[in-house]
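Student:
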Amino acid sequence: METLYITHPECRLHEMGSWHPECPARLDAINDRLLASGLMGYLREREAVPARDEDILRVHGAGYLEYLRRKAPDDGYFPIDADTIMNPHTLSAAMAAAGAGIMAVDAVMNQECANAFCAVRPPGHHARPSQAMGFCFFNNVAVAMAHALETHGLHRVAVIDFDVHHGNGTEEMFGGDSRVLMCSFYQHPFFPNLRQDPPSDNMVNIPVDAYTKGDALRMLVSDVWMPRLRAFRPEFMFISAGFDAHREDDMGQLGMVEQDYAWITDQLVELADETAQGRIVSFLEGGYSLSALGRSAAVHIKSLAKL
52 METLYITHPE CRLHEMGSWH PECPARLDAI NDRLLASGLM GYLREREAVP ARDEDILRVH
112 GAGYLEYLRR KAPDDGYFPI DADTIMNPHT LSAAMAAAGA GIMAVDAVMN QECANAFCAV
172 RPPGHHARPS QAMGFCFFNN VAVAMAHALE THGLHRVAVI DFDVHHGNGT EEMFGGDSRV
232 LMCSFYQHPF FPNLRQDPPS DNMVNIPVDA YTKGDALRML VSDVWMPRLR AFRPEFMFIS
292 AGFDAHREDD MGQLGMVEQD YAWITDQLVE LADETAQGRI VSFLEGGYSL SALGRSAAVH
352 IKSLAKL
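Using this note's numbering, the letters of the sequence shown correspond one by one to residues 52 to 358.
1. Express the C-alpha separation of I211 and D252 in angstroms, rounding to a whole number.
2. Which same chain residues, not among the five before or five after R246, have their C-beta less than 6 angstroms away from its C-beta?
3. Do F289 and V332 have their CB atoms nearer than 8 angstroms?
4. What residue does the alpha helix (DSSP H) around S88 start on, and which one ends it?
5. Pull up the distance between the alpha-carbon of A292 and that of H351, whole angstroms please.
6. In terms of residue numbering, what span does the beta strand (DSSP E) encompassing N191 cover?
7. What are the partner residues of S333, as DSSP defines its beta bridges?
8. Buried or exposed for H65, going by 16 or more other Cβ atoms inside 10 Å?
9. Hey, out of R63, L78 and F189, whose CA is closest to Y115's CA?
10. Assign M52 to one of two classes, buried (16 or more other C-beta atoms within 10 Å of its C-beta) or exposed (fewer than that).
11. Could you tell me the distance, in whole angstroms, from the CA atom of A149 to the CA atom of F186?
12. Assign D104 to one of three DSSP states: helix, strand, or coil.
13. Is it true that the CB of V215 sits closer than 8 angstroms to the CB of A296?
14. Report yes or no: do the stretch 227 to 242 and the stretch 278 to 289 share at least 3 C-beta pairs separated by less than 8 angstroms?
15. Look up V259 in the DSSP assignment and give the residues it is bridged to.
16. Using only CA atoms, which one of P249, T58, H203 and Q238 lies nearest to E223?
17. Determine the burial state of P180: buried for a count of at least 16 other Cβ atoms within 10 Å of its Cβ, exposed for fewer.
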């Protein structure tokens, strides 16, 4: 079965100003790299169906959804905070981004595809139950995880986050939920500085120093993540795939390269084949150096597709 590649036109219309690093060109960088490398021909493309209110409300508050609807501008911009900004397309893009994950979960569960990559923006892993932050409005991976648990009756799902920034929203939403295991590493001290301390038992979120390189991060994956994941035996695996830990990305100071992303993905694909019937849905999170983003996302998707 093929790997599904899901996106939506609205995801390119959301923008927060010409100065903003979380820009529509990020999706173009990935798409162009997939086309240039010949990988796109091995993927099945699909346009996302926007999420419904009830999908969003599994992890976000009703008051928060109404707040975003009230503040969505008819033209120009509305700043939620200094770097999380709405334009007239933002809410539609955010609903499409969250809906991509629901479509991906259903397609994987129905054996329409082997796994899926959601090339969507705005990203999601910083979004809290009632707060947008860090370029994020809805927590896309959390919406998809809640859908998998509630609609498909799964009992154990894992989320792996290798963004340079801590996935604070995901941790807040699922900390203490025994059905979920979260594994991540992230640069610390660094934005958003909202980690749970002490963390819940189901959170394996490892802070690392600036300038940590890929070999040390691979060791954390082998020695810490993988034993916990194998003991948990997830039935479905989700990835918050941020590529801003790349050494060329000025948004962070970690030292990963493309081969590190491919290696980590290979480990996760192998585990998914062991315990989860190969079920993986991956979401674009960070990654702001366009060339490094395109190259890194391409090798990640190539590993998902076992090419």
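Using N, Cα and C, we set each Cβ at its ideal position, and we do this for glycine too.
Tutor: In this structure, then:
1. Indexing the sequence shown from 1 puts residue 252 at position 201. Indexing the sequence shown from 1 puts residue 211 at position 160. In this model, D252 and I211 are separated by some 15 angstroms (Cα to Cα).
2. Here residue 246 refers to the residue found at position 195 of the sequence shown. Counting only Cβ-Cβ distances below 6 angstroms, and skipping sequence neighbours, we find H217.
3. Position 238 of the sequence shown holds residue 289. Position 281 of the sequence shown holds residue 332. For F289 and V332, yes; Cβs fall inside 8 angstroms.
4. In the sequence shown, residue 88 corresponds to position 37, counting from 1. Run containing S88: A76 to S88, per the alpha helix (DSSP H) assignment.
5. Locating residue 292 in the sequence shown gives position 241, where the first residue counts as 1. Locating residue 351 in the sequence shown gives position 300, where the first residue counts as 1. Straight-line Cα distance between these residues: approximately 9 angstroms.
6. Sequence index remark: in the sequence shown, residue 191 carries index 140 (1-based). Looking at the DSSP string, N191 is not in any beta strand (DSSP E); the run it does join, the alpha helix (DSSP H), is N191 to T202.
7. As a working mapping, residue 333 is identified with position 282 in the sequence shown. According to DSSP, S333 shares a beta bridge with F168 and I290.
8. For the purposes of this step, residue 65 is identified with residue 14 of the sequence shown, where counting begins at 1. The residue in question, H65, is buried, as its Cβ has 16 or more Cβ neighbours within 10 Å.
9. Taking the sequence shown and counting its residues from 1, the one referred to as residue 115 is at position 64. Checking every option, the nearest Cα to that of Y115 belongs to F189.
10. Within the sequence shown, the letter at position 1 stands for residue 52. Counting every other CB atom within 10 Å of its CB across the protein chains shown gives M52 a total below 16, marking it as exposed.
11. Working through the sequence shown from its first residue, we reach residue 149 at position 98. Working through the sequence shown from its first residue, we reach residue 186 at position 135. Using only the alpha carbons, I get a separation of about 14 angstroms.
12. Counted from its first residue, the sequence shown places residue 104 at position 53. Of the three classes helix, strand and coil, the one that applies to D104 here is helix, per DSSP.
13. As a working note, residue 296 is residue 245 in the sequence shown. As a working note, residue 215 is residue 164 in the sequence shown. In contact: A296 and V215 (Cβ atoms closer than 8 angstroms).
14. Contact holds: three or more Cβ-Cβ distances are below 8 angstroms.
15. For this step, residue 259 is matched to residue 208 along the sequence shown. V259 pairs with Q238.
16. Here residue 223 is taken as the residue at index 172 of the sequence shown, counted from 1. Here the closest residue by C-alpha is P249.
17. Numbered from 1 along the sequence shown, position 129 holds the residue referred to as residue 180. P180 is exposed by the Cβ-count criterion.
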